[in-house]
Amino acid sequence: MEIFLILSREHETLPLAELRAILDAENIDYDLKEVVMGVVKLKTDNEDAADIIAKRIAYGHEICSLIKDTDIDNLENDILSIDWKEIIDENFALRVKKIESLENDSQIMEKKFGALIKAQAGEKIKVKLEKPQTFIRVLVTGSRVLIGKRETKIDKKHFFNLKPHKRPFFYPGSMSPKLARCMINLSRAKAGDLLLDPFCGTGGILIEAGIIGTRILGTDIDEKMVKGAAKNLEYCGAKDFHIFQADARKLDLEEKVNAVVTDPPYGISASTAGEESSTIFRDFLKSISNNLLENGLICLASPHYVSVNDLIQGTEFKILERHEIRMHKSLTRVISVLGRAG
Ligand SMILES: C[S@@+](CC[C@H](N)C(=O)[O-])C[C@H]1O[C@@H](n2cnc3c(N)ncnc32)[C@H](O)[C@@H]1O
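Quick note on our numbering: the sequence shown kicks off at 7 and runs consecutively.
Take a look at the structure:
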């Protein structure tokens, strides 16, 4: 089957990287056909691919199964040639989304093409704009048009409802749920895996890990954070979690973990910014190396003024992926995925 995804365009590289990571993590074979302005078309034999992706992705809007890949000049004829009775049960809504602005007016197109479908499909099939059984997406990118049946609209309410200040335990510097979810995806963790955040803070990363079904392991040097994170996890309905007070530089876990996703402290204060933070980081990587499965990945956030590349020199890790997120004028966050070299 062929599907197309409308990814978020809020970041240049993360949405596609996240999608690829989900497909890897879930062992979904795919052939990525193309990427145009946040639209990805992919071919896969996995019938559940759309559902699996939708459950995990942070930077995605919608997933449709492809009905026809065409262009603006042939659109009308193609709409008439499709056997809509096979696709629509009782009622439908057709919506046009223009990724690149065109002269064509979306509403006029919706009325016109909706009417064509109705005329072609016959009396039994009705237009229903609110909660239709079948949602037909006409996606216009330049002169290219993809016609699809919407399989899922990605529900992003969660990312708003669980923003750090809406949880029972809040502490400044908590990561947004959306970025936390994306980082978990980049780590290729999947349901049942053991995921560790050794600098867990308020537990933002662990909450998202729980939602995709990993087993949750968290440590923090600060007992207050340990208690707070546990409170937040309970509030979010997480069940299988274990959080305890520990120094991330001296971990000795009973079970090796599949993935590490974390936002370590880098000592923002001028007095400690240099040596101390880099020492914490190196010692943490050494300690992680003994506690991470051989093919396990580390996904970490860092500020732009810290060179992860310098910090990993002399360790067994290498950078597999690197993404920059501009937070504001003076801070860019870097998301790195590390794996063992060789
Ligand atoms: C940037 S915060 C993590 C924020 C977290 N991602 C969140 O959403 O709340 C870093 C955390 O590392 C903890 N920490 C600092 N040094 C540590 C160490 N050596 N071992 C474990 N945790 C440490 C701090 O107490 C702090 O909670």
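Idealized CB from N, CA, C, for every residue including glycine.
Note that the structure is a prediction, hence the values are computed from the model and not measured.
Problem - Three-way DSSP call (helix, strand, coil) for T225 in this model - result: Numbered from its first residue, the sequence shown carries residue 225 at position 219. DSSP places T225 in strand when its eight states are reduced to three.
Practice task
Figure out for me which residue from E327, A347 and K335 has the closest Cα to the Cα of I341.
Solution key: Working through the sequence shown from its first residue, we reach residue 341 at position 335. Ranking E327, A347 and K335 by Cα distance to I341 puts E327 first.
Problem - V343 beta carbon less than 7 angstroms from that of L192 - result: Along the sequence shown, one-based indexing puts residue 192 at 186. Along the sequence shown, one-based indexing puts residue 343 at 337. For L192 and V343, yes; Cβs fall inside 7 angstroms.
Problem - A235, buried or exposed, once every other Cβ within 10 Å from all chains shown has been counted against 16 - result: Taking the sequence shown and counting its residues from 1, one reaches residue 235 at position 229. Under this definition A235 is a buried residue.
Exercise for the section: Just mark I114 as buried or exposed, buried being the case when its beta carbon has 16 or more other beta carbons within 10 Å. Expected result: Translated into positions along the sequence shown, residue 114 becomes position 108. The residue in question, I114, is exposed, as its Cβ has fewer than 16 Cβ neighbours within 10 Å.
Problem - Three-state secondary structure (DSSP) of F119 - result: Numbered from 1 along the sequence shown, position 113 holds the residue referred to as residue 119. DSSP places F119 in helix when its eight states are reduced to three.
Exercise for the section: Quick one: measure Cβ to Cβ for A55 and I34, integer angstroms, because I've assumed they're closer than 8 angstroms. Expected result: Position 49 of the sequence shown holds residue 55. Position 28 of the sequence shown holds residue 34. Correct: roughly 5 angstroms between the Cβ atoms.
Practice task
Out of P271, D37 and V42, point me to the one whose CA is closest to D51's CA.
Solution key: Your numbering for residue 51 matches position 45 in the sequence shown. Taking only the C-alpha atoms, the option nearest D51 is D37.
Exercise for the section: Measure the C-alpha to C-alpha separation of S182 and M333 and round it to an integer number of angstroms. Expected result: The count along the sequence shown starts at 1 and reaches residue 182 at position 176. The count along the sequence shown starts at 1 and reaches residue 333 at position 327. Taking the straight line from one Cα to the other gives about 12 angstroms.
Exercise for the section: Can you grab the Cα-Cα spacing for the pair A347 / I73, in whole Å? Expected result: For this step, residue 347 is matched to residue 341 along the sequence shown. For this step, residue 73 is matched to residue 67 along the sequence shown. About 43 angstroms.
Problem - For P309, the first and last residue of its enclosing beta strand (DSSP E) - result: As a working mapping, residue 309 is identified with position 303 in the sequence shown. L298 to P309 is the span of the beta strand (DSSP E), which, as asked, contains P309.
Exercise for the section: Under the assumption that R221 contacts L200 (Cβ atoms under 8 angstroms), give the Cβ distance between them as a whole number of angstroms. Expected result: Looking up residue 221 in the sequence shown gives position 215. Looking up residue 200 in the sequence shown gives position 194. That belief holds up - the Cβ atoms of R221 and L200 are roughly 5 angstroms apart, short of 8 angstroms.
Handout entry: Given E68 as reference, the closest of K47, I85, N80 and D84 once Cα atoms are compared
Key = Position 62 of the sequence shown, counted from the first residue, corresponds to residue 68. Relative to E68, the option among K47, I85, N80 and D84 whose CA is nearest is K47.
Handout entry: Per-residue burial, M7 [other beta carbons within 10 Å of its own, 16 or more giving buried]
Key = For the purposes of this step, residue 7 is taken as the residue at position 1 of the sequence shown. Exposed: under 16 other Cβ atoms inside 10 Å.
Exercise for the section: Kindly indicate the opening and closing residues of the beta strand (DSSP E) around E8. Expected result: The sequence position of residue 8 within the sequence shown is 2, counting from 1. Element bounds for E8: E8 to L13.
Practice task
With DSSP as the reference, label L86 as helix, strand or coil.
Solution key: As a working note, residue 86 is residue 80 in the sequence shown. It is helical.
Exercise for the section: Examine ligand 1 and report whether any of its heavy atoms sits within less than 6 angstroms of the Cβ of D253. Expected result: In the sequence shown, counting from the first residue as 1, residue 253 sits at position 247. Correct: D253 has its Cβ closer than 6 angstroms to ligand 1.
Exercise for the section: Could you tell me whether any non-hydrogen atom of ligand 1 is closer than 6 angstroms to the CB of M189? Expected result: To locate residue 189, count along the sequence shown from 1; it is residue 183. Within the chosen limit of 6 angstroms, ligand 1 does not reach the beta carbon of M189 with any heavy atom.
Problem - Three-way DSSP call (helix, strand, coil) for V312 in this model - result: Locating residue 312 in the sequence shown gives position 306, counting from the first residue. Reduced to three states, the DSSP call for V312 is coil.
Handout entry: C-alpha distance - K130 paired with E96, whole-angstrom precision
Key = Walking along the sequence shown from the start, residue 130 turns up at place 124. Walking along the sequence shown from the start, residue 96 turns up at place 90. The alpha-carbon atoms of K130 and E96 are separated by roughly 7 angstroms.
Exercise for the section: Alpha carbon to alpha carbon, how far is K124 from T158? Give it in angstroms, no decimals. Expected result: As a working note, residue 158 is residue 152 in the sequence shown. As a working note, residue 124 is residue 118 in the sequence shown. Distance between the alpha carbons of T158 and K124 is about 23 angstroms.
Handout entry: Where the beta strand (DSSP E) containing N191 begins and where it ends
Key = Mapped onto the sequence shown, residue 191 falls at position 185. Per DSSP, N191 belongs to no beta strand (DSSP E); it is in the alpha helix (DSSP H), P183 to L192.
Handout entry: Distance between beta carbons of I211 and M231, contact taken as under 8 angstroms
Key = Here residue 231 refers to the residue found at position 225 when the sequence shown is read from its first residue. Here residue 211 refers to the residue found at position 205 when the sequence shown is read from its first residue. Actually they are not in contact, since the Cβ atoms of M231 and I211 sit about 12 angstroms apart, beyond 8 angstroms.
Exercise for the section: Using a threshold of 7 angstroms, state whether the C-beta atoms of L303 and G345 are closer than that. Expected result: Position 297 of the sequence shown holds residue 303. Position 339 of the sequence shown holds residue 345. Taking 7 angstroms as the Cβ cut-off, L303 and G345 qualify as a contacting pair.
Handout entry: Those residues which DSSP pairs with I69 across a bridge
Key = Position 63 of the sequence shown, counting from 1, holds the residue named residue 69. By DSSP's assignment, I69 forms a beta bridge with L11 and T158.
Handout entry: Three-way DSSP call (helix, strand, coil) for D37 in this model
Key = The sequence position of residue 37 within the sequence shown is 31, counting from 1. Residue state, collapsed to three classes: strand.
Practice task
Count the C-beta pairs between the segment 14–23 and the segment 80–87 that are closer than 8 angstroms, then say yes if the count reaches three, no if not.
Solution key: no
Handout entry: Own chain partners of N321 with C-beta closer than 6 angstroms, once the 5 adjacent residues on each side are dropped
Key = Taking the first residue of the sequence shown as position 1, residue 321 is located at position 315. The amino acid occupying residue 321 in the given sequence is Thr; Asn does not appear at that position. Only L291 meet the Cβ criterion.
Practice task
Go ahead and pull the three-state DSSP assignment for E92.
Solution key: Reading the sequence shown from its first residue, position 86 is the one you call residue 92. Of the three classes helix, strand and coil, the one that applies to E92 here is helix, per DSSP.
Practice task
Look at the Cβ atom of S283, then the Cβ atom of K256, and state whether they are nearer than 7 angstroms.
Solution key: As a first step, residue 283 must be located in the sequence shown, where it is residue number 277. As a first step, residue 256 must be located in the sequence shown, where it is residue number 250. No, the Cβ-Cβ distance between S283 and K256 is not below 7 angstroms.
Practice task
Look up V263 in the DSSP assignment and give the residues it is bridged to.
Solution key: On the sequence shown, position 257 is the one that residue 263 refers to. V263 is bridged by DSSP to L298.
Practice task
Say yes only if the C-beta of T208 is nearer than 6 angstroms to one or more non-hydrogen atoms of ligand 1, and no if none qualify.
Solution key: To locate residue 208, count along the sequence shown from 1; it is residue 202. T208 Cβ: within cutoff of ligand 1.
Handout entry: Where F166 falls, given that 16 or more other Cβ within 10 Å makes a residue buried
Key = Walking along the sequence shown from the start, residue 166 turns up at place 160. With fewer than 16 Cβ atoms within 10 Å of its Cβ, F166 is classed as exposed.
Handout entry: Neighbour-count burial assignment, R62, 16 or more Cβ in a 10 Å radius
Key = As a first step, residue 62 must be located in the sequence shown, where it is residue number 56. Answer is buried; the Cβ neighbour count reaches 16.
Handout entry: Buried or exposed by the 16-neighbour rule on C-beta atoms within 10 Å, applied to K245
Key = The residue you call residue 245 lines up with position 239 of the sequence shown. The residue in question, K245, is exposed, as its Cβ has fewer than 16 Cβ neighbours within 10 Å.
Exercise for the section: Give me the Cα-Cα distance between I286 and P271, rounded to the nearest whole angstrom. Expected result: Within the sequence shown, numbered from 1, the residue matching residue 286 stands at position 280. Within the sequence shown, numbered from 1, the residue matching residue 271 stands at position 265. Rounded to the nearest angstrom, the gap between the Cα atoms of I286 and P271 is 8 angstroms.
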